[in-house]
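Colleague: The sequence shown begins at 0 in numbering that gives the first Met the number 0 and counts up one residue at a time. Got a structure for you, questions after.
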Amino acid sequence: MAAALPLSRTLTPRERAVLQLLGLGYDNRSIAREMQVSERTVKRFVTAILAKLGLRSRLQAGLFALIAASAPGGGEFWPKGLMDVAEVADDDVLAHDTGGEYDL
């Protein structure tokens, strides 16, 4: 399921951006709005990402993005702004699931 080459040589910068947004759970419409492209363009990016990484679904791509971000050196994969969004999303999920307390 993993790419043999580093993502920077496997995916274009725009494909990496789409993959990052998939990892945050964005749908095609949200990705299109964020990147200021059409939904059709996003679909093409997703198709290319799946083919290049040998993945079968958007879910696999999103999980791949999260794994890539958490791997050693993964901070380079996630731009600072997106990493902040991911951390806030995690905090919101934890607060919701535990009634506002972090009893993990």
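Positions of the beta carbon are idealized from the N, C-alpha and C atoms, including for glycine.
#1: Decide if residue 15 is buried, meaning its Cβ has at least 16 other Cβ atoms within 10 Å, or exposed.
#2: Near residue 41, what residues of its chain come up, given a Cβ to Cβ distance below 6 Å and the 5 sequence neighbours on each side ignored?
#3: Check for me: the alpha helix (DSSP H) holding residue 53 runs from which residue to which?
#4: Using the C-alpha atoms, what's the distance from residue 19 back to residue 39?
#5: Taking just the CA atoms, how far does residue 23 sit from residue 50?
Modeller: According to the data block:
#1: buried
#2: 27, 30, 31
#3: No alpha helix (DSSP H) holds residue 53; DSSP gives it neither H nor E.
#4: 18 Å
#5: 20 Å
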